[in-house]
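Structure first, commentary second.
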Amino acid sequence: RIAQPREGEVFMDVGSGTGRALCAAAALAPFSSVVGVELLPELNRMAGRYFGRLRGGGGAAASFVTEDFTSPAVDVSTADVVFCYATYLETAGDRMVASELSEKL
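Take the sequence shown: its letters are residues 747 to 851, numbered as in the working numbering.
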């Protein structure tokens, strides 16, 4: 579904990697905050550095959560827009991940 972000909403990227989608969301939409959820700590550190450098015109605050999105610590219901770029979902385990994310939404 195509998002229609409104002023003050929260954007969450599940599996945010180096934060490219977070930077784009902060710069191109009126989000009050952007949240990156990434399992790998080094990617989250990179995302924080990139966001700091590229923040420029975007006024959104950013937070970076180093956690598996299935963890109770990650509450996707706090976001107005949830983004997940999955390059493929071919295995049974991958389909289970997609199903679990869908249930959390």
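Each residue gets a CB set at the ideal place from its N, CA and C atoms; glycine is no exception.
Buried or exposed: where does residue i fall if 16 or more other Cβ atoms within 10 Å of its Cβ makes it buried?
i           : result
residue 774 : exposed
residue 754 : exposed
residue 805 : exposed
residue 772 : buried
Please state whether DSSP places residue i in a helix, a strand or coil.
i           : result
residue 778 : coil
residue 784 : strand
residue 760 : strand
residue 824 : helix
Provide the residue span of the beta strand (DSSP E) that contains residue i, from first to last.
i           : result
residue 808 : 807 to 812
residue 829 : 827 to 829
Any heavy atom of the ligand PLP within a distance shorter than 7 Å of the CB on residue i?
i           : result
residue 785 : The ligand PLP is absent from the structure shown, which contains no ligand whatsoever.
Whole angstroms are fine: how far does the CA of residue j sit from the CA of residue i?
i           : j           : result
residue 783 : residue 799 : 19 Å
residue 764 : residue 829 : 14 Å
residue 859 : residue 795 : Residue coverage of the chain in this structure runs from 747 to 851, which leaves residue 859 outside it and unanswerable.
residue 761 : residue 820 : 12 Å
residue 797 : residue 769 : 6 Å
residue 767 : residue 827 : 12 Å
Residue i and residue j: beta carbons closer than 8 Å?
i           : j           : result
residue 807 : residue 757 : no
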